[in-house]
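With my numbering applied, the sequence shown corresponds to residues 2 to 143, in that order. Note that CB positions come from ideal geometry on N, CA and C, so glycine has one too. If you're wondering where the values come from, they're calculated on a predicted model, not measured in any experiment. Below: the structure, in structure tokens.
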Amino acid sequence: MMPKIHTVCLVLMVSLELVASEVLTEECFSCIRQYKTGGSDICNIRRGETYCSRYIITEGFWEACGSLGSGFVKCTSDDWCARRCMKVYFNRFASQCAKDLKKETYQLTCGDYIRMHNGGLHGCAQGSTMDAAKKVDHCMAN
């Protein structure tokens, strides 16, 4: 029999995954992909950091999502793995983003998720990520 604390943690993890999956739809990923122009299925180096895929995933981002797949380049080259990495990453930092924005996690938008993507753990508190959020939310509204 599973102890109560493990059951509560499991239910909480599943609940967070469901909240993010409701927002992280095909449409949301499409808007993120449109915003992240310049991304391709190959890897590039910008400002000394390697990034790969149409979603411009850095190696640090990939590590923060749990180093999914059989390597950084392989995962980010595979659309399913790259999206899965993003979902794991977003789920991991959603509560911090919601706290920074004074929202509940279920109130986060696709634009809020791009703020995490661009700014990391405290991306939702950074003014420099606002433009990305506006563009992605505008895309989602159209």
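(message) Residues in the same chain with beta-carbon distance under 6 Å from G112, minus the five sequence neighbours each way, listed in chain order, please.
(response) Contacts found: A134, V137, D138.
(request) Can you have a look at D101 and say buried or exposed, based on whether 16 or more other CB atoms are within 10 angstroms of its CB? (result) With 16 or more other Cβ atoms inside 10 Å of its own Cβ, D101 counts as buried.
(message) Measuring alpha carbon to alpha carbon, tell me which residue in E60, N143, S129 is nearest V74.
(response) For V74, the nearest C-alpha among the options comes from E60.
(message) Relative to the C-alpha of N143, which candidate in L25, E23, C29 has its C-alpha closest?
(response) Ranking L25, E23, C29 by Cα distance to N143 puts C29 first.
(request) Let me know if L25 comes out buried or exposed under the rule of 16 or more other beta-carbons within 10 Å of its beta-carbon. (result) The residue is buried, with at least 16 neighbouring Cβ atoms inside 10 Å.
(request) Could you give the DSSP three-state label for R47: helix, strand or coil? (result) Here R47 sits in strand by DSSP.
(message) Here's the rule I'm using: 16 or more other beta-carbon atoms within 10 Å means buried, otherwise exposed. How should N92 be labelled?
(response) That one is buried.
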